[in-house]
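Numbering (this note's numbering), first residue to last: 1 to 251. Even for Gly, the Cβ is constructed at its ideal location relative to N, Cα and C.
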């Protein structure tokens, strides 16, 4: 009886080890780790979605119904978008991506900066936004802006093709910031740059809802996750309400 019990125990142990080996080939802990990347809390900011990444609550996405706010006449005075373009050190002929392009306010400015030999990839996840952007470009006779319909996890840009990626007041709304930034980094050429333009959370006088602001420290915490292969290269601080935190892809 004892030998039979020993044999049965050994058989069960062998089966358990075999099962572990099979699961190991299928990356058994990858799914739980991905789930742990984000946390959820029902008690949250009403302007957020209750989903948190590295201590920050993700904000609600502005729908295409907000185009009028994006196009408000006083935006240049409030945000000095023209000065933003100057601070990005864009050269003629560059390929620049505008992530969360919306109705194309920033894309139009970028199209002038890259010149006729350059390209602006205007990425948004809402087709309605891209329709408005295309109508604007047609009206203004702009032909170097290419609309790209992205997803919540990827801008759908070809790997290693982009010189500069710009995100103006949008990164904090990404449902999947880790995945998006992973794909954004992949789209950059070696040495290519990515600019996080975010309302300064450090400044209580910036008249924007708190969940739609980001501190420079939080931007760095998320961008410098080793998997993204990015390094901080500087912060442009000459805008009235936003800071521009710049990173480059490690060559």
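**Message:** Please classify residue 70 as buried or exposed, where buried requires at least 16 other C-beta atoms within 10 Å of its C-beta.
**Reply:** For the purposes of this step, residue 70 is taken as the residue at position 70 of the chain shown. Buried is the call here.
**Item:** Validate contact between the region 143-156 and the region 194-210 using beta carbons, cut 8 Å, 3 pairs
**Value:** no
**Request:** Report the three-state DSSP secondary structure of residue 241 (helix, strand or coil).
**Result:** Here residue 241 corresponds to residue number 241 of the chain shown, with the count starting at 1. Residue 241 carries a coil assignment under DSSP once its states are collapsed to helix, strand and coil.
**Request:** Output the distance between the C-alpha atoms of residue 84 and residue 141, rounded to the nearest integer angstrom.
**Result:** Translated into the one-based positions of the chain shown, residue 84 becomes position 84. Translated into the one-based positions of the chain shown, residue 141 becomes position 141. Straight-line Cα distance between these residues: approximately 23 Å.
**Item:** Same chain only: Cβ atoms within 7 Å of residue 238, ignoring 5 sequence neighbours per side
**Value:** One-based indexing of the chain shown puts residue 238 at position 238. Answer for residue 238: 83, 87, listed in chain order.
**Request:** Could you tell me the boundaries of the alpha helix (DSSP H) in which residue 223 lies?
**Result:** Your numbering for residue 223 matches position 223 in the chain shown. From DSSP, the alpha helix (DSSP H) with residue 223 extends over 216-223.
**Prompt:** Exposed or buried, which one is residue 36 when buried takes at least 16 other CB atoms within 10 Å?
**Reply:** Translated into positions along the chain shown, residue 36 becomes position 36. Exposed, because fewer than 16 other Cβ atoms sit within 10 Å of the Cβ of residue 36.
**Request:** Tell me, please, which residues DSSP counts as bridged to residue 99.
**Result:** As a working mapping, residue 99 is identified with position 99 in the chain shown. Per the DSSP secondary-structure output, residue 99 pairs in a beta bridge with 123, 167.
**Prompt:** When you compare each of 38, 216, 182 to residue 229 by their alpha carbons, which one comes out closest?
**Reply:** Reading the chain shown from its first residue, position 229 is the one you call residue 229. Nearest option by C-alpha distance: 182.
**Message:** Across the region 155-162 and the region 199-207, are there enough close Cβ pairs to call them in contact, namely three or more that are closer than 8 Å?
**Reply:** no
**Request:** Confirm, please, whether the CB-CB distance from residue 120 to residue 145 is below 7 Å.
**Result:** By one-based count along the chain shown, residue 145 stands at place 145. By one-based count along the chain shown, residue 120 stands at place 120. Their beta carbons are under 7 Å apart, which means residue 145 touches residue 120 by this criterion.
**Prompt:** From 186, 241, 103, pick the residue whose C-alpha is nearest to that of residue 62; which is it?
**Reply:** As a position in the chain shown, residue 62 is number 62, starting the count at 1. That would be 103, whose Cα lies nearest to the Cα of residue 62.
**Prompt:** Of all the options 105, 59, 89, 98, which has the alpha carbon lying nearest to the alpha carbon of residue 81?
**Reply:** As a working note, residue 81 is residue 81 in the chain shown. Of 105, 59, 89, 98, the residue nearest in Cα terms is 105.
**residue 245, buried or exposed, once every other Cβ within 10 Å from all chains shown has been counted against 16** = Here residue 245 refers to the residue found at position 245 of the chain shown. Per the 10 Å Cβ criterion, buried.
**Message:** Counting C-beta neighbours from all protein chains within 10 Å, is the total for residue 249 16 or more, i.e. buried, or is it exposed?
**Reply:** To locate residue 249, count along the chain shown from 1; it is residue 249. That one is buried.
**Message:** Relative to the C-alpha of residue 209, which candidate in 217, 77, 48 has its C-alpha closest?
**Reply:** As a working note, residue 209 is residue 209 in the chain shown. Nearest C-alpha to residue 209: 48.
**Message:** Tell me the rounded alpha-carbon separation between residue 73 and residue 66.
**Reply:** To locate residue 73, count along the chain shown from 1; it is residue 73. To locate residue 66, count along the chain shown from 1; it is residue 66. Their Cα atoms are separated by approximately 14 Å.
**Request:** Grab the span of the alpha helix (DSSP H) containing residue 182 for me, first residue to last.
**Result:** Numbered from its first residue, the chain shown carries residue 182 at position 182. 177-187 is the span of the alpha helix (DSSP H), which, as asked, contains residue 182.
**Asked** I think residue 162 touches residue 130, with their Cβ atoms under 8 Å apart; what is that distance to the nearest whole Å?
**Response** For the purposes of this step, residue 162 is identified with residue 162 of the chain shown, where counting begins at 1. For the purposes of this step, residue 130 is identified with residue 130 of the chain shown, where counting begins at 1. The Cβ separation is near 18 Å, so there is no contact.
**Asked** Can you tell me the Cα-Cα spacing of residue 75 and residue 123, whole angstroms?
**Response** For the purposes of this step, residue 75 is taken as the residue at position 75 of the chain shown. For the purposes of this step, residue 123 is taken as the residue at position 123 of the chain shown. One C-alpha to the other measures close to 21 Å.
**Request:** Run through the region 45-73 for me and flag every whole alpha helix (DSSP H) of 4 or more residues, listed as ranges in chain order.
**Result:** 67-70
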